[in-house]
Amino acid sequence: MSQSNGNHDLFENLRLELRRGCLSLAVLSQLRTERYGYTLRKALAEQGLEIDEGTLYPLLRRLESQGLLTSVWREEEKRNKRFYRISAEGKLMLKQLGAEWQRINSSLNGIL
Amino acid sequence: MELLDRYLQAIEFWLPKRQRQDIIAELSEDLRSQVEEKETELGRKLEDAEVEAILKRCGSPLEVASRYRPQQYLIGPTLFPIYRFVLAVLLIGCVVPRFLIWLVFLLVDPAHRGYLHMENLWVTVLYFAFFTTLAFAIAERSGVKLEALNTWSPRKLPPVRDPNRISRFGSLFEIAAAVVFNVWFVSLFWPRPIIDLYGAQLTLTPAWRIFFWSFLFLAAANIAIAGVNLFRPYWTRRRASLRLVADGLGAGLFCGLLKAQVLFGISAPSLPAPKAIELTNVINLWMVRTLPWAIVTMLVILSFDVYRIMRLRCVHLHGGSIGPVVKDLSSPMVNGN
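Line order of the protein sequences matches chains A and B. Numbering-wise (the working numbering), the first sequence opens with residue 1 and increments by one. Numbering-wise (the working numbering), the second sequence opens with residue 1001 and increments by one.
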């Protein structure tokens, strides 16, 4: 029982590790269209990549502080929302990361 | 929405001041959107339990807030192994010898165990731990980069250590030191009724004769072992066992000497008789009081000897070793000679 729990925890850790790098790529990709946090989460979830708010918002802040995103507060439906969009630098990074992802993916497909 | 506001307030407390309002506004918007969506889906206002379920899923306020902070640590992963090593060496070096000495005092000379206050030991340990941690935390904060991390080269790394190899320099030094010491020892302490020591006359009890010849015999045995080690510089089980026996006998003799009160009297031209008696008693007393310290030192030496034999036994039985793997299979110790 405890070994089964240990395996599950280990799997969970490795899964999170695997996802971590992919999330930045997915977020940058989705923000080619301007979105605010909640709609971004929904868009990602619809594509099968669920991400909780506790992970998404710190990630958005980090990407913005790295100059890969820009954001603006704007009122919509009588509520203030922060809209994000990929920056020019972010687009370049997305292109490079996308190519790297393709390379890793094809290597892994061969290995697995 | 009271639960939601309380939740946001709890998160706000742990956030970096400059970003608080911004983060809370964004998080609040997301959570309210979630609540509204659920209400639209159910066609009614959410009950407190349902709001609570949403908030529970988000995580505890501290957990949520911590994700907005950069990873923080007192001592980083690069310095941490060095910190742990230094702390272990300091603590072991501080605690183990004092505890052993206290224990030996308790067994051998309980009347004077008060010389070592164990209560002070814990304060010392805390001081050690505190200042070591503080020093490493300051080094981490100030961004100290260890020079060795940038300038290291495989050529500068220490050579592969063979724990069973005996340094020839060590053997030579051992022989030279033993010869010099024993010449001095014999010239000054050759058993005779009165020993002249730099102007003072020492009268020793007859027991001294036994100690003298035993020490001399042991010294000769140790020089012989060192001589063999010089030409065959690998420990064998036989030689390691001989070293253990020699050290054990030496330890027993030395402790016996401290306890035997061999100094019968002392005299010197400028020393009045009552003072001489007092000095004799003081020297004998301090020799006895040194006994626990000597026992601990001897125990440490004997532990090393035993460890050496166990290591050789391990090599012999399993072809492995407790220390690094010995590459030279042609060395005599593998054959257990």
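Cβ coordinates follow ideal geometry from the N, Cα and C atoms, glycine included.
Rounded straight-line distance, which links the Cα of residue j to that of residue i
| i | j | result |
| --- | --- | --- |
| L1055 (chain B) | L63 (chain A) | 25 Å |
| I1295 (chain B) | K1156 (chain B) | 40 Å |
| V1334 (chain B) | V1315 (chain B) | Low confidence applies here, because V1334 (chain B) scores a pLDDT of 40, under 50, leaving its location unreliable; read the following figure in that light. Approximately 7 Å, taken between the alpha carbons. |
| K81 (chain A) | E89 (chain A) | 23 Å |
| S1187 (chain B) | F1217 (chain B) | 16 Å |
| E1036 (chain B) | E1052 (chain B) | 14 Å |
| L1003 (chain B) | D1048 (chain B) | 7 Å |
| Y38 (chain A) | E77 (chain A) | 14 Å |
| Q102 (chain A) | E1050 (chain B) | 42 Å |
| D1005 (chain B) | F1136 (chain B) | 41 Å |
| V1269 (chain B) | P1163 (chain B) | Residue 1269 (chain B) is actually Pro in this sequence, not Val. Rounded to the nearest angstrom, the two C-alpha atoms are 54 Å apart. |
| V72 (chain A) | F83 (chain A) | 5 Å |
| P1154 (chain B) | R1161 (chain B) | 15 Å |
| M1287 (chain B) | D1247 (chain B) | 20 Å |
| L1107 (chain B) | P1292 (chain B) | 9 Å |
| T1290 (chain B) | L1258 (chain B) | 7 Å |
| R32 (chain A) | P1061 (chain B) | 31 Å |
| K1017 (chain B) | L49 (chain A) | 32 Å |
| A957 (chain B) | N1229 (chain B) | Nothing in the structure corresponds to residue 957 (chain B), since chain B is present only between 1001 and 1337. |
| S1171 (chain B) | G6 (chain A) | 53 Å |
| S1066 (chain B) | R1020 (chain B) | 12 Å |
| I1092 (chain B) | V1123 (chain B) | 15 Å |
| L94 (chain A) | S24 (chain A) | 9 Å |
| T1078 (chain B) | P1070 (chain B) | 17 Å |
| T1151 (chain B) | L1090 (chain B) | 27 Å |
| L112 (chain A) | C22 (chain A) | 19 Å |
| A1260 (chain B) | F1173 (chain B) | 31 Å |
| E75 (chain A) | L92 (chain A) | 30 Å |
| R79 (chain A) | E1029 (chain B) | 8 Å |
| Y1307 (chain B) | S1142 (chain B) | 42 Å |
| L1121 (chain B) | N1222 (chain B) | 37 Å |
First through last residue of the alpha helix (DSSP H) which encompasses residue i
| i | result |
| --- | --- |
| N80 (chain A) | It is not in any alpha helix (DSSP H) - N80 (chain A) instead sits in the beta strand (DSSP E) that spans 79-86. |
| Q1009 (chain B) | 1002-1014 |
| L1218 (chain B) | 1207-1231 |
| S1142 (chain B) | Run containing S1142 (chain B): none; DSSP gives neither H nor E here. |
| S1167 (chain B) | Segment: none, S1167 (chain B) is in no alpha helix (DSSP H) and carries neither H nor E. |
| R1237 (chain B) | 1237-1260 |
Within chain B, the residues that residue i reaches when beta carbons sit closer than 8 Å
| i | result |
| --- | --- |
| N80 (chain A) | A1025, E1029 |
| G37 (chain A) | E1026, E1029, D1030 |
Interface residues of chain A facing residue i [CB-CB closer than 8 Å]
| i | result |
| --- | --- |
| Y1068 (chain B) | Y57, P58, R61 |
| G1252 (chain B) | Per Cβ cutoff of 8 Å: no residues; G1252 (chain B) is ~51 Å from chain A at best. |
| C1058 (chain B) | D52, E53, G54 |
Supposed close pair residue i, residue j - CB separation, criterion 8 Å
| i | j | result |
| --- | --- | --- |
| L1204 (chain B) | I1210 (chain B) | Between I1210 (chain B) and L1204 (chain B) the Cβ distance is about 11 Å, and since that is not below 8 Å, they are no contact. |
| R85 (chain A) | E34 (chain A) | 4 Å |
| P1193 (chain B) | W1208 (chain B) | So it is not a contact: roughly 11 Å between Cβ atoms. |
| I1023 (chain B) | L1015 (chain B) | 6 Å |
| I1082 (chain B) | E1140 (chain B) | The pair is not a contact, with the Cβ atoms about 11 Å apart (cut-off 8 Å). |
| D1305 (chain B) | A1240 (chain B) | 7 Å |
| L1312 (chain B) | W1235 (chain B) | 6 Å |
| I1283 (chain B) | G1227 (chain B) | Contact flag wrong, Cβ pair sits at about 35 Å. |
| V1064 (chain B) | G67 (chain A) | Actually they are not in contact, since the Cβ atoms of V1064 (chain B) and G67 (chain A) sit about 25 Å apart, beyond 8 Å. |
| K1038 (chain B) | L1046 (chain B) | 6 Å |
| L1202 (chain B) | I1277 (chain B) | Going by Cβ atoms, the distance from L1202 (chain B) to I1277 (chain B) rounds to 14 Å, so no, they are not a contact pair. |
| L69 (chain A) | L60 (chain A) | 7 Å |
| R1237 (chain B) | I1309 (chain B) | 6 Å |
| L1087 (chain B) | T1132 (chain B) | 5 Å |
Under 7 Å by beta carbon: chain B residues contacting residue i
| i | result |
| --- | --- |
| G6 (chain A) | Residues of chain B passing the Cβ test: none, with the nearest at roughly 22 Å. |
Residues that residue i contacts on chain A, provided the C-beta gap is smaller than 7 Å
| i | result |
| --- | --- |
| S1033 (chain B) | Y38 |
| V1064 (chain B) | G54 |
Residue i: first and last residue of the uninterrupted beta strand (DSSP E) it sits in
| i | result |
| --- | --- |
| L1263 (chain B) | 1263-1267 |
| I1195 (chain B) | 1195-1197 |
| L1204 (chain B) | 1200-1204 |
| beta strand (DSSP E) runs contained entirely in the region 18-77 of chain A, provided each spans 3 or more residues | Counting only runs of 3 or more residues that sit fully inside the region 18-77 of chain A, the beta strand (DSSP E) segments are 69-76, in chain order.
| query | At which residue ranges does the region 1027-1108 of chain B contain complete alpha helix (DSSP H) runs of 4 or more residues, listed in the order of the chain? | reply | Annotation: the region 1027-1108 of chain B contains the following complete segments of the alpha helix (DSSP H) (minimum length 4 residues), in chain order: 1048-1058, 1061-1066, 1080-1108.
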